[in-house]
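Single-structure report; data block below.
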Amino acid sequence: VRSELFGQLRDLQHRGQECLSRRVERTRERFELTVCRWPEPQTIFAPMTQRVDEIGERLPRSLASRAGTARADLNLIAGRFRRDLIDQRIARLGERLSAAWKMAELAHPERPLSRGYVRVTSRDGATLTHAANARVARLLTLRFGDGRVDAAVEEGDARPVERKPKRSYIAPQPGLFDAPEE
Numbered sequence: 004v005r006s007e008l009f010g011q012l013r014d015l016q017h018r019g020q021e022c023l024s025r026r027v028e029r030t031r032e033r034f035e036l037t038v039c040r041w042p043e044p045q046t047i048f049a050p051m052t053q054r055v056d057e058i059g060e061r062l063p064r065s066l067a068s069r070a071g072t073a074r075a076d077l078n079l080i081a082g083r084f085r086r087d088l089i090d091q092r093i094a095r096l097g098e099r100l101s102a103a104w105k106m107a108e109l110a111h112p113e114r115p116l117s118r119g120y121v122r123v124t125s126r127d128g129a130t131l132t133h134a135a136n137a138r139v140a141r142l143l144t145l146r147f148g149d150g151r152v153d154a155a156v157e158e159g160d161a162r163p164v165e166r167k168p169k170r171s172y173i174a175p176q177p178g179l180f181d182a183p184e185e
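Residue numbers for the sequence shown, in the working numbering: 4 to 185.
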C-alpha cells in the first residue's frame with residue numbers, strides 16, 4: 004500500500020510540474036507576442052525629439068525678433084528719460100508737496116491756539132466740543148497756545164447772559180425845508 008501511495012504521489016508531482024511548465028510556457032509565448040507588438044523606443048520618442056529640434060531652430064530667431072521689438076520700444080520712450088525732464092518733474096512734484104504741507108499746517112488742530120483760542124480736552128485726551136460732555140468728564144485740560152492748564156467743572160447752573168436790546172439803524176430823514184447837501 005505504501006509503494007502505491009508513493010507511486011500516486013510521484014504521479015501527482017509529475018502532473019503538477021507538467022501543468023506548471025505548460026502554464027509558464029504559455030505565459031512566455033504571450034509575453035513574446037506582446038513584446039513584438041510594442042513599438043520601438045525611438046518610435047515613441049521620435050515626435051517629441053522632432054519638436055524639440057524645431058523649437059531649438061526657432062529659438063534664436065524668436066529671441067532676435069523679441070530683442071528688436073524691445074529695442075524699438077525703448078527708442079520710443081528714451082526721450083522721456085532725459086535728465087532735464089526728470090529734474091522738471093521732480094521740481095513740480097516738490098512744489099505740489101510743499102503746497103500740500105502748507106495746507107496740512109493750516110488744518111492742524113493746534114493752529115487756532117496761537118490766535119487766542121483754547122482747546123478743551125478730557126484728561127484722557129478726547130477733545131470736548133459741548134458743555135454737556137465737559138460736565139460728564141468733570142476733569143478737563145485747557146490747551147492754550149503757550150501751554151496747558153488743568154481745570155475741573157463745578158456744579159451749578161450757568162449764569163444767564165444778558166442780552167442787549169436790539170436797536171435798528173434809522174437814517175436821519177432830511178426835513179422839507181433843509182438845504183440840500185452838496
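Beta carbons are placed, not taken as given, at the ideal position from N, Cα and C, and that holds for glycine.
Here DSSP, grouped into helix, strand and coil, assigns Gly71 to helix.
Within the same chain, and ignoring the five residues on either side of Ser117 in sequence, the residues whose Cβ sits closer than 6 Å to its Cβ are Gly148. As DSSP reads the structure, Arg122 sits in a beta bridge with Arg146. Your pair Leu143 and Ser171 does not check out as a contact, with CB atoms roughly 41 Å apart and the cut at 8 Å.
Between Ala155 and Arg141, the gap from beta carbon to beta carbon is short of 8 Å. Per the DSSP secondary-structure output, Asp153 pairs in a beta bridge with Thr144.
Excluding residues up to 5 positions away in sequence, nothing lies with its Cβ nearer than 6 Å to the Cβ of Asn78 in the same chain. In the three-state DSSP reduction, Thr132 falls in the coil class, being neither helix nor strand. Rounded to whole angstroms, Gln45 and Glu57 show a C-alpha spacing of 17 Å. Just so you know, the alpha carbons of Ala182 and Lys169 end up roughly 32 Å apart. At a Cβ-Cβ threshold of 8 Å, Val123 and Ala137 count as neighbours. Boundaries of the alpha helix (DSSP H) around Gln91: 86-109.
Under the three-state reduction of DSSP output, Glu32 falls in the helix class. Taking C-alpha positions only, Arg92 is separated from Leu131 by approximately 44 Å.
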